[in-house]
Amino acid sequence: MTLTDLAARLGLRVFTAGIPLDRPVLGGYASDLLSDVIGHGRKGDLWVTMQVHPNIVAVAVLKDLAGIVLVNGRDPAAETLEQAAREKVPLLGTELAAFELVGRLYGLGVKGS
Amino acid sequence: MSPRAVVDRARAVGLDLIAVTDHNTTENATAVLEAARGTGLAVLPGIELTSAEEVHILGLFDPAAELGAFQDEVFRNLPDVPSKRKFIEDQVIVDAADYVTGFSPRCLFGATLFSVHDAVALIHGHGGLAIACHVDRDSFSIISQLGFIPPGLSLEAVEVSPRLTVAEARTALGPFDPLPVVRFSDAHKPEEIGCATTDFIVASPGIGEIRLALAGQDGRRVIPS
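Here the protein sequences line up with chains A and B, keeping their order. If you read the first sequence in the working numbering, its first letter stands for residue 12, the second for the next number, and so on. If you read the second sequence in the working numbering, its first letter stands for residue 7, the second for the next number, and so on.
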């Protein structure tokens, strides 16, 4: 399953227009503590969070995550969006809360470790 | 933590300088300043501000600073969620003689809408020093919440909790260079006052001197504890 597939099937908003979404999503991780994601996120994971600080982009790069989905209708901070564009980190969003989004992702075959 | 108990305990354990840093409010600082008057204990008004990322940032101010506008700005950015009465009753506002004069009606343990950058800018805008709190803790620490200290965040220092020494924190979490590392008690009970301290080599216990010590300027400095 690629980000394109997931975005289409779950109606995710794409904040980073122009960044390819063809990368396969290998798994998922949900956390709002960036230190936790640094510790437990895996390469190719789609990260579900409500943190919008620019540091989320650095964590996604560090862990080679497939992308980030911001929940609860949160918009990325301006600098976060700039950094995501610069680092080519796909940044998506949904009005859904984390619990609901993760449930739907799981139903589509995106699993945790 | 009544003002007189705080002052008595601080003096009993030999402190020269303390700061009053309630969560998201400076409302009780004046009472402690007054309670300490004439005792030889210096008191800085302050705050432990909760950012939108749930990072705790310490703001320390000059005792003469007018903090009304600062506090108004904090309250404007602290979501006014209805709080339970039992919490409100814990959020007393007191005078220097320990009398309860009111209650802070806001949910003070909540997060403000300020990003860490906005929180630091607000503190600086009112002449304060901004310090990232208890960076070694698993919650409400800039490291736990944001993974690392964002580049360009103009903190004056980072603080470690009493659980470990500055040297241990540098080993476990990184050097924090070029930021100085201080260690404070984060006391929530009188008996915790003084359980961790930091020595500042300064001419007087004022905010300007502390600023110089943190910057390592003019012969002022911090001795890591």
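Just so you know, even glycine gets a beta-carbon here, dropped at the ideal spot from N, CA and C.
Assigned exposure category for residue i - 16 Cβ within 10 Å defines buried
{"i": "H64 (chain A)", "result": "buried"}
{"i": "S46 (chain A)", "result": "buried"}
{"i": "H194 (chain B)", "result": "exposed"}
{"i": "S124 (chain A)", "result": "exposed"}
{"i": "G125 (chain A)", "result": "Lying before the first or after the last residue shown, residue 125 (chain A) is absent from chain A, which here runs from 12 to 124."}
{"i": "F115 (chain B)", "result": "exposed"}
{"i": "E197 (chain B)", "result": "exposed"}
{"i": "Q62 (chain A)", "result": "buried"}
{"i": "V87 (chain B)", "result": "exposed"}
{"i": "E60 (chain B)", "result": "buried"}
{"i": "T60 (chain A)", "result": "buried"}
{"i": "S229 (chain B)", "result": "Correcting the residue identity first, residue 229 (chain B) is Ile in this sequence and not Ser. The residue is exposed, with fewer than 16 neighbouring Cβ atoms inside 10 Å."}
{"i": "G134 (chain B)", "result": "buried"}
{"i": "D192 (chain B)", "result": "buried"}
{"i": "S121 (chain B)", "result": "buried"}
Beta-carbon proximity of residue i to residue j, cut-off 8 Å
{"i": "L47 (chain B)", "j": "L66 (chain B)", "result": "no"}
{"i": "L57 (chain A)", "j": "G78 (chain A)", "result": "yes"}
{"i": "F109 (chain B)", "j": "E95 (chain B)", "result": "yes"}
{"i": "R112 (chain B)", "j": "L73 (chain B)", "result": "no"}
{"i": "I53 (chain B)", "j": "N30 (chain B)", "result": "yes"}
{"i": "A41 (chain B)", "j": "V19 (chain B)", "result": "no"}
{"i": "T177 (chain B)", "j": "R189 (chain B)", "result": "no"}
{"i": "A219 (chain B)", "j": "F206 (chain B)", "result": "yes"}
{"i": "L103 (chain A)", "j": "V72 (chain A)", "result": "no"}
{"i": "N66 (chain A)", "j": "F154 (chain B)", "result": "yes"}
{"i": "T91 (chain A)", "j": "V68 (chain A)", "result": "yes"}
9 Å Cβ cut-off: residues of chain A touching residue i
{"i": "E59 (chain B)", "result": "D43, L45, Q62, V63, H64, N66"}
Rounded separation between residue i and residue j - CA only
{"i": "V100 (chain B)", "j": "M7 (chain B)", "result": "10 Å"}
{"i": "V126 (chain B)", "j": "R15 (chain B)", "result": "30 Å"}
{"i": "G52 (chain A)", "j": "L76 (chain A)", "result": "8 Å"}
{"i": "C201 (chain B)", "j": "I213 (chain B)", "result": "22 Å"}
{"i": "V121 (chain A)", "j": "S57 (chain B)", "result": "32 Å"}
{"i": "I49 (chain A)", "j": "E93 (chain A)", "result": "21 Å"}
{"i": "K74 (chain A)", "j": "L17 (chain A)", "result": "20 Å"}
{"i": "V36 (chain A)", "j": "L119 (chain A)", "result": "11 Å"}
{"i": "R85 (chain A)", "j": "A108 (chain A)", "result": "10 Å"}
{"i": "E174 (chain B)", "j": "V164 (chain B)", "result": "14 Å"}
{"i": "V70 (chain A)", "j": "P157 (chain B)", "result": "13 Å"}
{"i": "L179 (chain B)", "j": "Q151 (chain B)", "result": "14 Å"}
{"i": "R217 (chain B)", "j": "L23 (chain B)", "result": "14 Å"}
Neighbouring residues, chain B, relative to residue i (Cβ below 9 Å)
{"i": "I49 (chain A)", "result": "G153, F154"}
Within chain A, partners of residue i - CB distance below 7 Å
{"i": "S191 (chain B)", "result": "Here the premise fails: no neighbours, minimum Cβ distance about 24 Å."}
8 Å Cβ cut-off: residues of chain B touching residue i
{"i": "A88 (chain A)", "result": "S121"}
Under 7 Å from the C-beta of residue i: neighbouring residues of chain B
{"i": "V72 (chain A)", "result": "By Cβ distance, chain B contributes nothing, its closest Cβ being about 11 Å from V72 (chain A), past 7 Å."}
For residue i, the residue or residues it bridges with in DSSP
{"i": "I229 (chain B)", "result": "B:D205"}
{"i": "A136 (chain B)", "result": "B:G65"}
{"i": "H29 (chain B)", "result": "B:E54"}
{"i": "G84 (chain A)", "result": "None; G84 (chain A) has no bridge partner."}
{"i": "D56 (chain A)", "result": "A:G38"}
{"i": "T13 (chain A)", "result": "A:P35"}
{"i": "R189 (chain B)", "result": "B:V166"}
Contact list for residue i against chain A, beta-carbon separation under 8 Å
{"i": "I149 (chain B)", "result": "S46"}
Cutoff 8 Å: residue i Cβ touching any chain E Cβ
{"i": "V68 (chain A)", "result": "The structure shown contains no chain E; its protein chains are A and B."}
The ligand COA heavy atom lying under 7 Å from the CB of residue i
{"i": "V12 (chain B)", "result": "Looking for the ligand COA in the displayed structure turns up nothing, as the structure carries no ligands at all."}
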